[in-house]
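Accompanying notes for the structure given below.
Number of protein chains: 2
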Amino acid sequence: MNVEGTLDQDDPYVAAPPSSRRRGVLADEVAGYVRQLILTGSLRPGTKIDQDAVGRALDVSRSPIREALVVLGHEGLLDLTPRRGASVAQLRREDIIDHYELFGVVSGRAAAMAAELLDEDQIRELNELHSRFTGDDQEVLQQLNHDFHRVINLAAPRRTRWLLRHLERTVPANYYEFADGWNHRAVEHHASILEAITRRDPEGARSAMEGHLHESGVAAADQLEERGFFTDPDTGGPAEAGQ
Amino acid sequence: MNVEGTLDQDDPYVAAPPSSRRRGVLADEVAGYVRQLILTGSLRPGTKIDQDAVGRALDVSRSPIREALVVLGHEGLLDLTPRRGASVAQLRREDIIDHYELFGVVSGRAAAMAAELLDEDQIRELNELHSRFTGDDQEVLQQLNHDFHRVINLAAPRRTRWLLRHLERTVPANYYEFADGWNHRAVEHHASILEAITRRDPEGARSAMEGHLHESGVAAADQLEERGFFTDPDTGGPAEAGQ
DNA sequence: ATAGTAAATACATTATGCATAATAATAGTC
DNA sequence: GACTATTATTATGCATAATGTATTTACTAT
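So the protein sequences, as listed, match chains F and G.
Numbered according to my numbering, the first sequence spans residues 78 to 320.
Numbered according to my numbering, the second sequence spans residues 78 to 320.
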């Protein structure tokens with residue numbers, strides 16, 4: 078075997094499970110594991126997923142693995158071909174940009190509703206979170222950013238929140254610290270979003286949020302490009318489907 | 078198998094009867110089956126899914142069933158509680174409206190891009206389809222409606238098209254003929270969308286499309302309400318989670 | 001009689017075995 | 001020597017068996 082992109086040496090399926098006991102839902106565990114490998118770039122687009130290899134790495138059988146692959150396929154991270162298994166889906170720059178654009182229109186809807194529906198306490202909480210958005214601890218900033226958006230999304234109805242969670246999970250970056258200088262601009266964006274919400278201006282909030290996520294997308298794509306996420310390490314050119 | 082020391086010449090083992098049964102991807106089959114049951118209202122919200130019962134009904138084992146349930150859970154049609162199985166998710170009127178609203182913003186994005194990117198041939202095709210939108214054969218109208226939107230969505234990038242397919246599949250109605258009088262209004266909506274696209278007016282196309290889907294949502298919700306989709310047949314009140 | 005606990009049962013989840021499609025390897029032919 | 005056909009191997013997908021957990025039921029003690 079040893080087809081281009083398969084494991085053997087340089088085995089990407091490395092991490093062992095944290096501890097044997099305490100096994101929750103294995104399929105979720107597997108999904109998270111493979112998702113991480115994809116989003117961090119350890120598994121290049123086009124590479125086939127070796128079910129047995131994953132099973133060995135995590136010490137689980139194929140049933141939960143199959144379920145995980147189905148989920149990831151549904152998330153758009155894997156291509157599932159009937160009798161030929163799963164392979165990592167292509168993720169081009171265009172896809173990242175597009176994804177954040179979608180994120181923008183959906184998040185924009187949430188922001189517009191937030192401008193109408195959030196109560197004073199929640200707006201205070203947003204201000205609270207916003208004011209703490211300083212320093213350079215990426216972990217903390219990540220969390221604050223997440224919380225900020227979460228409070229806004231509370232104003233959106235169930236289905237919208239569900240889609241936002243979905244969109245959040247299926248795109249690379251924001252696993253990583255953003256590029257330098259990004260935090261500064263993010264603060265400005267958040268400020269204008271917050272201002273529009275405080276002003277009770279739905280359309281203002283929507284367009285501020287859309288703009289924020291548009292720029293986030295560009296930043297994320299740049300970040301990924303810099304990390305060589307879009308370029309095939311072998312050819313140096315853009316990554317293409319394996320064989 | 079049949080590693081070494083096997084019989085080469087004089088092979089008495091004739092080919093097995095080719096008939097048997099060649100089945101496609103069972104999980105998809107199961108998913109379609111259960112999805113239909115849910116979207117048509119045969120399975121009320123809150124109802125638990127009996128895996129064995131499904132297996133008996135379709136004569137398949139649990140593996141493809143589980144995979145199907147995972148997919149449906151991911152689509153938001155089922156609630157998957159870790160050690161307690163799957164149950165039909167609540168679908169309230171609010172969810173339908175919200176869903177179509179999301180459909181609107183995403184479809185609106187596609188329409189805006191269509192106004193910029195569709196070539197003359199494609200616009201001609203839209204006119205073609207639009208002009209045939211008469212009569213009262215629900216099947217044909219359904220198809221024409223679908224094609225109309227499909228051509229527009231061609232202008233959108235991959236990820237957006239993917240999300241649109243996703244949104245299309247996970248909502249009830251449009252499995253059913255819409256209410257009387259709806260076709261007439263749909264034609265008007267399509268006309269204004271088409272007009273904006275012809276005018277190369279992205280924002281006009283966007284808002285026309287958003288309006289179209291907003292009204293579609295209301296129509297679909299009304300239709301479902303009329304059919305008693307939201308009311309529990311036992312209590313007569315709104316359907317609630319089963320025990 | 002009721003509440004609490006423990007056994008029993010039902011069922012979701014995971015593991016394993018097996019048949020078959022897909023792919024790689026090999027032999028045979030032009 | 002290159003190309004095609006045939007065989008062998010690998011891995012996927014489905015079925016069945018085993019395992020563990022949640023829930024119900026029965027029983028005992030207060």
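Ideal Cβ positions, reconstructed from N, Cα and C, are used throughout, including at glycine.
{"query": "What's the C-alpha gap between A189 of chain F and V147 of chain G?", "result": "32 Å"}
{"query": "Taking 8 Å as the cut-off, decide whether the C-beta atoms of R186 of chain G and V182 of chain F are in contact.", "result": "yes"}
{"query": "So, A285 of chain F versus H266 of chain F, is the Cβ gap smaller than 8 Å?", "result": "yes"}
{"query": "Would you call the CB atoms of G132 of chain F and R143 of chain F closer than 8 Å?", "result": "no"}
{"query": "Considering only their Cβ atoms, is the gap separating D156 of chain F from A163 of chain F smaller than 8 Å?", "result": "yes"}
{"query": "Quick one: what's L155 of chain F bridged to in DSSP?", "result": "F:V165"}
{"query": "Determine the DSSP secondary structure at T247 of chain F, reduced to helix, strand or coil.", "result": "coil"}
{"query": "Quick check: what's the CA-CA separation for H223 of chain G versus D198 of chain F?", "result": "45 Å"}
{"query": "Which chain G residues sit within Cβ distance under 7 Å of G153 of chain F?", "result": "W239"}
{"query": "Using the Cα positions of T237 of chain G and H176 of chain F, report the straight-line distance between them to the nearest angstrom.", "result": "7 Å"}
{"query": "Just the chain F side, please: which residues come within less than 9 Å of S138 of chain G by C-beta, in chain order?", "result": "Chain F residues near S138 of chain G: none, gap ~11 Å exceeds 9 Å."}
{"query": "Distance check for G258 of chain F and E303 of chain F, CA to CA, integer angstroms please.", "result": "15 Å"}
{"query": "Show which residues of chain F have a CB atom less than 8 Å away from the CB atom of E178 of chain G.", "result": "R186 and T237"}
{"query": "So which residues of chain G does R143 of chain F contact, with C-beta pairs closer than 8 Å?", "result": "S140 and E144"}
{"query": "Can you pull out the residues from the region 150-175 of chain F whose beta carbon lies closer than 7 Å to at least one beta carbon of chain G?", "result": "H151, G153, P159, E171, D172 and D175"}
{"query": "Please list the terminal residues of the continuous alpha helix (DSSP H) segment that includes I173 of chain G.", "result": "R170 to L194"}
{"query": "For E193 of chain G, which of G:D105, G:A273, G:G305 and G:E202 has the nearest alpha-carbon?", "result": "G:A273"}
{"query": "Would you kindly work out how many angstroms separate the C-alpha atoms of A220 of chain G and H207 of chain G, rounded to a whole number?", "result": "For the record, residue 220 of chain G in the displayed sequence is Gln; it is not Ala. Distance between the alpha carbons of Q220 of chain G and H207 of chain G is about 12 Å."}
{"query": "At a CB-CB cut-off below 7 Å, which residues of chain F make contact with P234 of chain G?", "result": "E171 and D175"}
{"query": "Would DSSP call T275 of chain F helix, strand or coil?", "result": "helix"}
{"query": "By Cβ distance below 7 Å, which residues in the same chain neighbour D278 of chain G in space, the five residues on each side in sequence not counted?", "result": "A192"}
{"query": "Any C-beta of chain G within less than 7 Å: which residues of the region 256-270 of chain F qualify?", "result": "none"}
{"query": "Could you check what DSSP says for R304 of chain G in three-state terms: helix, strand or coil?", "result": "coil"}
{"query": "Please list, in chain order, the chain G residues whose beta carbon lies closer than 8 Å to that of V107 of chain F.", "result": "Within 8 Å Cβ-Cβ: nothing; V107 of chain F doesn't reach chain G, min ~12 Å."}
{"query": "If L301 of chain G and S184 of chain G are in contact, beta carbons under 8 Å, what's the gap, nearest whole angstrom?", "result": "Contact doesn't hold; Cβ gap of about 20 Å is too wide."}
{"query": "When the Cα of G275 of chain F is compared with those of F:G118, F:A134 and F:L195, which residue comes out closest?", "result": "Position check: residue 275 of chain F holds Thr in this sequence, whereas Gly was assumed. Among F:G118, F:A134 and F:L195, the Cα nearest to that of T275 of chain F belongs to F:L195."}
{"query": "If the cut is a Cβ gap below 7 Å, which residues of chain F does V148 of chain G touch?", "result": "V147 and H151"}
{"query": "Return yes when the C-beta of D175 of chain G is under 7 Å from any heavy atom of the ligand ADP, and no when it is not.", "result": "By its list of ligands, the structure shown contains no ligand whatsoever, and the ligand ADP lies outside what it can speak to."}
{"query": "Does the separation of the CB atoms of E178 of chain F and G294 of chain F fall below 8 Å?", "result": "yes"}
{"query": "Use the C-beta contact count for A268 of chain F: other C-beta atoms within 10 angstroms, 16 or more gives buried, fewer gives exposed.", "result": "exposed"}
{"query": "Taking DSSP as the reference, what is the three-state secondary structure of S96 of chain G?", "result": "Low local confidence applies: a pLDDT of 33 at S96 of chain G is under 50, so the model's placement there is unreliable, and no value is given."}
{"query": "So S208 of chain F is in the alpha helix (DSSP H); what residue range does that whole segment cover?", "result": "E197 to S208"}
{"query": "Which whole-angstrom value is the C-beta distance of A298 of chain G and I173 of chain G, which I expect to be below 8 Å?", "result": "4 Å"}
{"query": "Indicate whether F307 of chain G and R170 of chain G have their beta-carbon atoms separated by less than 8 Å.", "result": "yes"}
{"query": "Are V165 of chain F and R112 of chain F closer than 8 Å when you measure CB to CB?", "result": "no"}
{"query": "I270 of chain G to D214 of chain F, Cα distance in whole Å?", "result": "48 Å"}
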